[in-house]
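Enquirer:
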Amino acid sequence: MNFYQNAGMRISDDRYSRERARMELALRFLQHEARTQTIRAWTGLSDDRIRKLYRSYLSQARRHLPRHRGKSPHQITYFTRSLRLQEETALLASVLSLLGVVPAGTFVGVSAAASGAASSAAGVAAAAYAGASLPGVTRGVLLCQAFEAFRLLLPSAQISFEHAVFLAIALARGDQLRLGDCSDCGSLMVTERFPLRTARCTHCTGPAQPR
37 MNFYQNAGMR
47 ISDDRYSRER
57 ARMELALRFL
67 QHEARTQTIR
77 AWTGLSDDRI
87 RKLYRSYLSQ
97 ARRHLPRHRG
107 KSPHQITYFT
117 RSLRLQEETA
127 LLASVLSLLG
137 VVPAGTFVGV
147 SAAASGAASS
157 AAGVAAAAYA
167 GASLPGVTRG
177 VLLCQAFEAF
187 RLLLPSAQIS
197 FEHAVFLAIA
207 LARGDQLRLG
217 DCSDCGSLMV
227 TERFPLRTAR
237 CTHCTGPAQP
247 R
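Note that my numbering numbers the sequence shown so that position 17 is 53, with each residue one more than the last.
1. When you compare the CB positions of residue 226 and residue 175, do they come within less than 8 angstroms of one another, or not?
2. What is the DSSP secondary structure of residue 103, reduced to helix, strand or coil?
3. Under the rule that 16 or more other beta-carbon atoms within 10 Å means buried, what is residue 156, buried or exposed?
4. In three-state DSSP terms, what is residue 238?
5. With residue 131 as the anchor, note down where its alpha helix (DSSP H) starts and where it stops.
6. Measuring straight from C-alpha to C-alpha, what distance separates residue 218 and residue 239?
7. Below 8 angstroms on the Cβ atoms is my guess for residue 212 versus residue 228; work out the distance and round it to an integer in Å.
8. What span of residues does the beta strand (DSSP E) with residue 217 cover, start to end?
9. If you draw a straight line from the C-alpha of residue 113 to the C-alpha of residue 185, how long is it?
10. Whose CA, out of 80, 74, 223, lies closest to the CA of residue 56?
11. With DSSP as the reference, please indicate the residues paired to residue 227 in a beta bridge.
12. Which term fits residue 52, buried or exposed, when burial requires 16 or more other beta carbons within 10 angstroms of its beta carbon?
13. Quick check on DSSP: helix, strand or coil for residue 195?
14. With a Cβ-Cβ cutoff of 8 angstroms, do residue 215 and residue 203 count as a contact?
15. Within this structure, are the beta carbons of residue 125 and residue 195 separated by less than 8 angstroms?
16. Taking the alpha helix (DSSP H) that residue 86 falls in, what are its first and last residues?
17. Leaving aside the five residues before and after residue 150 along the sequence, list all residues of the same chain whose C-beta is less than 8 angstroms from its C-beta, in chain order.
18. According to DSSP, is residue 170 part of a helix, a strand, or is it coil?
19. Reducing DSSP to helix, strand and coil, say where residue 108 ends up.
20. At which residues does the alpha helix (DSSP H) containing residue 76 begin and terminate?
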């Protein structure tokens, strides 16, 4: 077998591997009840292929997998709606950060937030690029791993997979939400980009304990 035949086989194998990875990720997203537009953004598969994959998988699935329609979550207020959701969001953000779903450099400590270091034009542009470039097969696999680990840690969590996707992209962009630390205990938490008051976690803002 000559050089050109070897090269052709390697190219064919690479294409097959990439295609298989995209299909496997799409199937994993389907299992987490992701919307078609979300699967398309992270895998690059067409809507038609996603629908066919869903129908094929549905015939073998042990449980019904609903297909959610309409827009994906896009309101950041969801994550601060209640103390429970704030705690779930902090835990999920920690897992997303630890597994590398959210790019390094998105954490902003108390001192940096106070100085407004993240508000420079260059920082905003970099954050926007990070959010736009986040979707992809490699990070998609990490995203699934992070969400599955989160649900193992908190089986009764209210946060859906679609909200986890939205949180990961929002944190990567940093234009609305960001990773920070509690001003009292230093624990990781999710805050608005320009909070109106000093960021404190739900435990530190709870009822005062008797001394």
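Backbone N, C-alpha and C fix where the C-beta goes; we use that ideal spot for every residue, glycine too. The model shown is predicted, which means the values in this text are computed figures rather than measured ones.
Expert: According to the structure shown:
1. Remark: C-beta atoms of residue 226 and residue 175 do not approach each other more closely than 8 angstroms.
2. Reduced to three states, the DSSP call for residue 103 is coil.
3. Residue placement at residue 156 cannot be trusted, given a pLDDT of 46 that sits under 50; what the coordinates show is reported in the next sentence. Exposed, by the Cβ-count rule.
4. Of the three classes helix, strand and coil, the one that applies to residue 238 here is coil, per DSSP.
5. Residue 131 -> alpha helix (DSSP H) spans 119-134.
6. When rounded, the distance between both Cα atoms is 10 angstroms.
7. With 8 angstroms as the limit, residue 212 and residue 228 qualify as a contact, their Cβ atoms being about 7 angstroms apart.
8. Here the beta strand (DSSP E) through residue 217 covers 213-217.
9. Distance between the alpha carbons of residue 113 and residue 185: 24 angstroms.
10. Among 80, 74, 223, the Cα nearest to that of residue 56 is on 80.
11. Per DSSP, 214.
12. Looking at its Cβ environment, which holds fewer than 16 other Cβ atoms inside 10 Å, residue 52 is exposed.
13. In the structure shown, residue 195 falls within a coil segment according to DSSP collapsed to helix, strand and coil.
14. No, they are not a contact pair.
15. In this structure, residue 125 lies near residue 195, with their beta-carbon atoms less than 8 angstroms apart.
16. It spans 83-94 - the alpha helix (DSSP H) in which residue 86 sits, taken as one unbroken run.
17. Summary for residue 150: the model assigns pLDDT 43, below 50, so the residue's position carries little reliability, and this model does not support an answer.
18. Here residue 170 sits in coil by DSSP.
19. Three-state result, residue 108: coil.
20. According to the DSSP assignment, residue 76 belongs to the alpha helix (DSSP H) that extends over 72-79.
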